[in-house]
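See below for the structure under consideration.
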Amino acid sequence: MVCPPRRTDAFVHRNVAGEALLVPVRAQPSEIQSAYLLNETSEFIYLQLDGRRTPESLAEIVRERYEVGRDEALRDVEALLSDLAEIGAAAPPGGGTA
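According to my numbering, the residues represented by the sequence shown are 118 to 215, in order.
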């Protein structure tokens with residue numbers, strides 16, 4: 118069975134002054150060179166990444182919450198998962214076996 122995407126321990130999620138941020142976890146504060154700002158939809162999806170939901174089930178949740186089409190929701194979820202995997206904030210779908 119393919120593992121669904123999940124958050125990694127390489128980043129922490131913080132709300133600062135009303136903004137949702139992903140902040141990399143580093144050994145020294147001086148090593149933190151960037152944080153990532155999430156919009157409302159991206160934050161919602163990120164917080165759902167528990168290793169149990171597939172991209173398709175995430176898209177269904179997004180479709181229901183934001184009243185968008187199934188194809189649009191899946192494209193958005195897959196694009197975000199790709200971006201999060203690229204920076205190391207999420208383990209990509211299929212990154213292992215369950």
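Here a beta-carbon is modelled for each residue, glycine too, at the ideal position from N, C-alpha and C.
**Request:** Starting from Ala127, follow the alpha helix (DSSP H) in both directions and report where the run begins and ends.
**Result:** Here Ala127 belongs to no alpha helix (DSSP H), and DSSP marks it neither H nor E.
**Request:** Please classify Ala215: does DSSP put it in a helix, a strand, or coil?
**Result:** Low confidence applies to Ala215: its pLDDT is 44, below 50, so where it sits in the model is not reliable enough to give any reading.
**CA-to-CA distance, Arg169 to Leu197, given in whole angstroms** = 17 Å
**Request:** With a threshold of 16 other CB atoms inside 10 Å of the CB of Asp188, please say whether the residue is buried or exposed.
**Result:** exposed
**Prompt:** Quick one: what's got a C-beta closer than 6 Å to Ser151's C-beta in the same chain, skipping five residues either side?
**Reply:** none
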